[in-house]
Structures are given as structure tokens and as C-alpha cells.
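Below is one structure, written out as C-alpha cells; comments come after it.
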Amino acid sequence: MAPSSRNFNFFHHLSSFLVFSLFSVVSSDDLQVLLKLKSSFADSNPAVFDSWKLNSGTGPCSFTGVTCNSRRNVTEIDLSRRGLSGNFPFDLVCEIQSLEKLSLGFNSLSGIIPSNMRNCTNLKYLDVGNNLFSGTFPEFSSLNQLQYLYLNNSAFSGVFPWKSLRNATSLVVLSLGDNPFDATADFPVEVVSLTKLSWLYLSNCSIAGKIPAAIGDLTELRNLEIADSSLTGEIPSEISKLTNLWQLELYNNSLTGKLPTGFGNLKNLTYLDASTNLLQGDLSELRSLTNLVSLQMFENEFSGEIPPEFGEFKDLVNLSLYTNKLTGSLPQGLGSLADFDFIDASENLLTGPIPPDMCKNGKMKALLLLQNNLTGSIPDSYANCLTLERFRVSENSLNGTVPAGLWGLPKLEIIDIEMNNFEGPITADIKNGKMLGALYLGFNKLSDELPEEIGDAESLTKVELNNNQFTGKIPSSIGKLKGLNSLKMQSNGFSGEIPDSIGSCSMLSDVNMAQNSLSGEIPHTLGSLPTLNALNLSDNKLSGRIPESLSSPRFSLLDLSNNRLSGRIPLSLSSYNGSFNGNPGLCSMTIKSFNRCINPSRSHGDNRIFVLCIVFGSLILLASLVFFLYLKKTEKKEGRSLKHESWSIKSFRKMSFTEDDIIDSIKEENLIGRGGCGDVYRVVLGDGKEVAVKHIRCSSTQKNFSSAMPILTEREGRSKEFETEVQTLSSIRHLNVVKLYCSITSDDSSLLVYEYLPNGSLWDMLHSCKKSNLGWETRYDIALGAAKGLEYLHHGYERPASNGGPDSTHVVAGTYGYIAPEYGYASKVTEKCDVYSFGVVLMELVTGKKPIEAEFGESKDIVNWVSNNLKSKESVMEIVDKKIGEMYREDAVKMLRIAIICTARLPGLRPTMRSVVQMIEDAEPCRLMGIVISKESDVKIKEIS
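Residues -28 to -1, 1 to 917 (mature numbering (1 follows the signal peptide of the UniProt record, and there is no 0)) are what the sequence shown spells out, left to right.
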């Protein structure tokens, strides 16, 4: 080889080596920063850092989530959705001068973002959304190269530094929504100066004021979301300049006026939601928005006709216009060209027929047209709509027969056609309705006999056939409906006997068969139904005796009037004295309006016995009078004592005790607890069974009192708490809600008798002198059980019921510290208040602390204390109860995360209890963690606290 060639190769290799060495030097600082970043998460040690090793062949550029430029400088760190928790070292990361992208979204990062975040001056992309940060977001004017900023749903609060946006003129995406920032007085003008924006998300972050006309300058916008805010005034006409807009969401504000002229220029609009405002006028501006997929304008004041052009839209699948003042008919072409999925135009003034082709393409799931003035019949085409899940057209003027196939659609869950003029029968097709849960057919002209096949629709829970023209016998197959809880058949022409098989409907709580022509005896199986709460068999031709099985007074409603019943009215049903009128054959020893029951063998007894009875009776009366005067004298010395009152007992389950058993046991020595509105007593019955008796002592007129006999508080009318608790709990049957046996009331007293749970409350286990060492698995089970109970009250019960603020004394194994922040100004207690209180209980479970502790400081509670300790992974672990085993502490932190979400300052940021249950189930600890393998290869269970 020639010397010149050898020299060339030498210098070439030398220069390559020097360049490589230079690159290595350049990236070494970045490497050290990244390794320090990894060490800051040493405790949690997510798998994402497994590849972050010093001896990695290509340096940090091969690290998972790390991207470098051609000079091997780190430019991007993407750790989104990696399960990170604790504090993130922003000050450390900002030492990487070449960093352009930092993505940390969808983790559980906490703590405060430091002010030196502004040192990341080359950042173009910052995503810290969907985390658990606290405090304010710092000023960021120095980040003038930012193009993408995601801060949404990360629990930031305080005043947002809107002025920092003045330097962020390159922003393309600004996502600040779902944070409880301090409310703005007006719409922040800095936002509308960001003319390069294509995505703006400001929903649910306390934006107020009017939408400025300058919004029209953001002509690059494709997505504009300012929902769940406090916007007022009209939608500015300048919004029509946003011709690139793809999605517009303005729902849940206080916007007024009409849709602005020119709104129809937004021809690229695909998703439009302006629901729950005060908008008015007609919808004519929308007739040209042919690309709409979803249109939601419900709960406004729109009037006029629905544009017929909607029926020609080829992509429209969701149309929600309910609760407006719309008139005219529905476009008859709706769904004929699109894969129509959902329509709800209920609560309007619509007329005309139901469009026939909304399920033409076989995608329809819900047809909701309640409370209009629709006429005509149900189109036959819906009998073939195999995807239909909800069919509701009640309170219209529809007529004709229901298409036979509709009764048996395979996915249909609810048929609601009540309050129309429908005729004809329920056909045998109903046997195919395997998913059918509710049948609302009341107030029509439906006729003929019920088909036996109704028993094959085994998912039915509610059947309402009232006020029709049904005839014939009640089919015995009704006993196959094991989940049925409400059966309303009143005001028809049913005849024959009530089938004994009804006793197989073990979930029945409400039965109404009044105003028919039913005959025969009341089946004894009715009384065996464990949850039966309301029974109305009035105005029939029933005969025979009242079954003994009905004698347990558990009904909130019992009406057997106007029949042909005979015999004795059970003594235990005397409080239902109006329930038996119109049965001349009945007698009673206690109800004055009925003949007294006479034993025939004694009807011709000796008159001398009668005289002796009078004499002895007089003596007893005299003795009683003397004793009564003695008691009255004693009363003055001891204060108020037990008055002989006329008690009314209503039972909701089978009982083995009387009201006297309960009343006699309301003594100071039986007192086991005092609550915000009542005292609780432990009562041991004659058969050894224990019950808990709650005496409601709150009322609107009297909040404080003292009495040696707590039952004797005089009140003006029944306590509102008592009425609410009875109304709710008498209808509840749920594993995680304490059973209510009965209520006992008089003019002066209100008692509730519950099942007694001997293990006490969660408060006892965590805080009292008899506290026990609860392991995490037990705490988890308590949390999940309580959550499911609240979920049932909020979502599963027919009327959502607020618990008034659960606390740890309510959790069996509405005091300060549990009360939601809005309680002081809100007009009523809501389900979101319950969610907040439940979050406090979760914090108790995780930390072992009381809601109020001296160590928290003045005016501080457990929520603030937890928030202040979310600075690092170590500080979070430090607040976990030391009694929780080491291997479960990560699980406890997961539960703490749920608690923090539940105690968000703004009610709108708190999840539903249904979501809470799902989150807790997702956080279930591994039950195998307590299983170890011994040296002898035997499986043993390790005791874990």
C-alpha cells in the first residue's frame, strides 16, 4: 500500500475516534443525570428503569423511554404510563440542556412542581397530566419554546400563571382542564392570543366570564373544550371563523342567547356538545353541518322544529335533544343513511310518528322519546332491531299494537311504553327476551291474558302492567322470575286465584294487585317472601282468613280492604287498622271499627262470671289508679319517665320480638354509642338474639336536650332524619348495608331496630382503647365492602340516596373532619359529599390516624395533612400506618391515591362510587403474598399483620 494511502487511513481512524470520544463526553453528563433520576425511584423500582445501566453499550440513548439526537444528546424522556409514584426530580432533569420533550402523563406522581422547572428552557413538549400533584403550577415564562403543554387532571390548585402564556406563542396544544384552579373573574385573554393553537382544553378548571370575540382569531383550532365551567353570555359570532374546528364542547355552563349567525360555517364539525346551558332559539344554523357524528344539545330552551336535513346526515350516530321545547315532527329519514346508534329527544313538544328507519343499518342501541305528543304506531321495523337495548316511548299519544317481535329482542333491557293508547296482547315472543329487566306498560289499553312464556324472561326485575285491560288468570310461571322485586298489576281484569308460585319470587318487595277480580284465599307463600315490604290486594274478591305468614308487621304499606276476608285480624297487624276496611267478616280485639272476636264456647257463659269480672275489674282499676298517682308523684323527683304511649310498629323483615321488648330495654346501661343525631342501644332479646336500637333525637325544632330517659324527647312532628332513614333503608337489601328490622314510633318517639354487629365499628378498631391490629387484607375488605354499600345507595337503589357523610363509626367490623368543603355553602348534601367522606375513611384505614389530630396543626384535618406529606416516596411511605406489613405498604399507597381522588376540593373532580369500587377492586392485594415455601417444600401460610 502506498504511504499516502496509509496516512489517509490513519488520519481517518484518528478523526473518527476523536469524534466518538467527543460524543461520549457530551453525553456523559446526561448519563449521570439519568442514573440519578433512576436512583430517585429506587424504592418503587419500576420496570422501566431495568435498561438504565451504566455499562449499557450505547449509553443513555438505549435507555427505555429515552431518545437522543444525532450528537447523542438526550432530547426526549418519555415515562408516561409507567406506574411512577412519589416526587419527580424536575430540578435534576432540567440539567439536561438539550431536553426538548418530557412526558410523565398517566402516573401517580405527587408533590409540588418546583419553580426551577423554568430552567428547562429548551422544552417544546411538557406532559405532566393525569397525576396527583399538589399546589400551584409555577410561573413558566422562560419556557418560550413550548409547543405542547399538558397539565390536565393533575390536582393543581391556586392561581394559574396565565401571564406566562404571553411568551408561549408557539403553543399548539394547551390542556389545563380538570384542575381546581382558583376561578377567573373573566376569560383569560392570554389564551386567545395563542394563534397557533390547534387543541385547547379548559374544561372543569374554573374558567368564568364571557367567551371573548377574539376566540375567532384562533383559526387553527381543531378542538375547543370549555365545558363544566362558569361561562356566561352569548356564544360570540366570531366563533364561526373557526372553520377547522372538529370538536366543540361547551356543555354545563350558563350560556344564553341563540346559536350565532354563521355557526353553520363550521362544516368540519364532527362532535358538538352544548348541552345543559340556557340557549334558546331554533336549530336552523346546524342544518349544514353534514359531517356531524354526535350532536348533544339537551337541557336547554331550544324551540322550533328539528331541521329535516338531519335525516340526510350520513355520519350522525348520536342525537341528544331531550328537555327542550322543540316542536314539529322528527325527521323521518333519521338513520336511513347512517349507522344510527342513539337518540334521546324526550321531554319536548314533538308530534307526528316515530321515524321508521333509525335501526335500518342494525346498529341502534337506544330509542328514547319519552314525554312528547307523538302519534301513530310503533313501526314494525323495530321488531327486527336485534341490537336494541332500551326502548322508551312513554307519555305520548301512540296507539296500535306493539310489534310482536319487539317483546323478544335478544338484547333489549327495558320496554317503557306506559301512558299511551296501545292495544293488543303481550305475545309469546317475550320468552326470547333473555336480557329484559324492566317492563313498564301501565296506563294503556293492552288486553288478553298474560302468556305463560313471561316466566321465561328470567331477567325481569320490574313488571308494571297497571291500568290496562288484561284478563284471565295470573300465570303460575311468574314464579320463575327469581329476581323480580316489583310487580304492579292493579286496575285490570285479572281473575282466578293468586298463584302459590309467587312465593318463589324471593326478591319481591312491592306487590300491587288491587282493583281486579281475584278470588280465593291469599296464598300463604306471600308471607314467606323475605323482602316483601308493600302489599296491596284491595278491591278484589279474596276470601278466607288472613294467612298467619302475613302476621309479622314488616310492611311500609299493607292494604287488604274491600274484599271478602273473614276471621281474626292478627294482633300484630293492629297498627294497619285502615288496611282491612270493607271486609265485614273480619273481627278484631283491638281495632274499634271491627266486631270483637268472640269464642263460641263461651258465648252463653254464666252471668255470675260476668258479674265477678266487673267486680274484679273495678278493683284492678282502682289499684291501677292508686299506682298511677304514685308514679306521677315519682316523676317529679326523677324528671321525665316513660309515658304510656300508643306505639306503631312497622316491620321490614321477619321478627321474633315485639315493641315492648325493645322499649323496655332502652336503658342507660344498654347505651353503646352516641351519634350526631341519635343514641344507640344494645338490646338482648328473650331468645338470646341481639339487636341494635337507634333513637333518633334530632329534629328541625330541637337540636339539643338532656334526659335521664332518652326516649322521652318531645318533638314537633317526626324527625326529618328519621323519615329519610326509614324511607331509604326499608327498601334496601344489600350485603354491605346493615339490616333494618323495623321502626317503632309514637307521637313523641322514633326508634329504628337494626341487626347488631358485635365487632363494633371501624373507629373502635382503629382508634378506641379496644382497637385491634388490623392487617391490610382486612382493611382492604372493609374498604371494598363499605364502597359497595355506598355504591348501592348511589346507583343500585331506585332513588339515589345520600348517606349524609359516612364516617368510620358508620363502617361496621357527619362529624367534623369528614365533612366535604362545600357543605358550608351547598344547598343540600349530595352524593359527592359522601364520596369525600368516604375518602376520609380510606385515609383513616391507610394512616391509622383520626380525621382530626393535634399533630396536624390548627384548623388542619387529615386531608390537608396527607396532602402536605406527598413530597416524596419516602414521605408518603412514612404516613402509612406502621401496623401494616411491609409487603402491603405499596398496596396501601394505591388506596391512598384513591382517597386523594375522593377528597378533591371541587365536587366535580370526585369520582362516582361506582368508579371508586372499580378502583378499589383494581387495587386488590395479592392474596398469595402470605404463602411461603418451607425448606421441606411444604406450603405454609405465613402470618402477616
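The C-beta atom is built at its ideal place from N, Cα and C for all residues, glycine as well.
If you ignore the 5 residues before and after C477, its C-beta comes within less than 8 angstroms of the C-beta of I450, G451, L453, K454, L456, L459 and L501, all in its own chain and listed in chain order. In the displayed model, F270 falls within coil according to three-state DSSP, outside both helix and strand. Contact annotation: L166 and I198 have beta-carbon atoms that are not nearer than 8 angstroms. Nearest Cα to K854 within the set E816, F828 and M891: E816.
Here M485 is buried. Its C-beta has 16 or more other C-beta atoms within 10 Å.
Within the stretch 53 to 95, the complete beta strand (DSSP E) segments at least 3 residues long are 73 to 75 and 80 to 83, listed from N- to C-terminus. With 16 or more other CB atoms across the displayed protein chains lying within 10 angstroms of its CB, K332 is buried. Take E825, set aside five residues on each side of it, and the residues of its chain with a beta-carbon closer than 8 angstroms to its own are I834 and W837, in chain order. For Y97, the enclosing beta strand (DSSP E) covers residues Y97 to D99. In the structure shown, F552 falls within a coil segment according to DSSP collapsed to helix, strand and coil. The C-alpha of P327 lies about 24 angstroms from the C-alpha of E273.
Contact between N290 and F314 is confirmed by a C-beta separation of about 5 angstroms, below the 8 angstroms threshold.
Here the C-alpha atom of N225 lies approximately 19 angstroms from the C-alpha atom of R877. In the same chain as S551, and ignoring 5 residues on each side of it, the C-beta atoms closer than 7 angstroms to its own belong to L530, D531, L532 and S533, in chain order. Note that the C-beta distance between S538 and G554 is not below 8 angstroms.
With a 10 Å radius around the Cβ and a threshold of 16 neighbouring Cβ atoms, E896 comes out exposed.
In this structure, the CA atom of S809 is about 30 angstroms from the CA atom of L203.
Beta-carbon to beta-carbon, G276 and L298 are separated by about 7 angstroms, close enough to satisfy the 8 angstroms threshold. Partner residues in the beta bridge of W171, as assigned by DSSP, are V145 and N195. Shown here, T47 sits in a strand according to DSSP, grouped into three states. Taking each of I183, D150, E162 and E192 in turn and checking the Cα distance to S175, the smallest one comes out for D150. By the CB criterion at 8 angstroms, N512 and N488 fall inside the cutoff.
The beta carbon of K135 lies closer than 7 angstroms to those of E162 in the same chain, with the five residues before and after it left out. The Cβ atoms of L498 and L514 lie no closer than 8 angstroms to each other. Taken through DSSP and simplified to helix, strand or coil, Y354 comes out as helix. DSSP assignment within the stretch 412 to 468 yields no whole alpha helix (DSSP H) run of 4 residues or more. Separation of N125 and D50 (C-alpha to C-alpha, rounded to the nearest whole angstrom) is 18 angstroms. Q441 is positioned such that its CB atom lies no closer than 8 angstroms to that of L411. Bounds of the alpha helix (DSSP H) holding Y808 are E803 to T819. Within the model, the alpha-carbon separation for D420 versus S467 is close to 12 angstroms.
The shortest CA-to-CA distance from E469 to any of G492, D352 and S481 is the one to G492. The alpha carbon of L293 has as its nearest neighbour, out of N249, D329 and L309, the alpha carbon of N249. The DSSP assignment places 489 to 493, 506 to 508, 513 to 516, 529 to 531, 536 to 540 and 557 to 559 as complete runs of the beta strand (DSSP E) inside the stretch 487 to 562, in order along the chain (cut-off: 3 residues).
Check the Cα spacing between K445 and each of D472, I892, N505 and S87: the tightest is with D472. Its chain contains R540, C559, S560 and M561 as the residues whose beta carbon lies nearer than 7 angstroms to that of C569, once the 5 sequence neighbours on both sides are disregarded; these appear in chain order. Residues of the same chain with a CB within less than 6 angstroms of the CB of A759, apart from the 5 flanking positions on each side, are V888, V889 and I892 in chain order.
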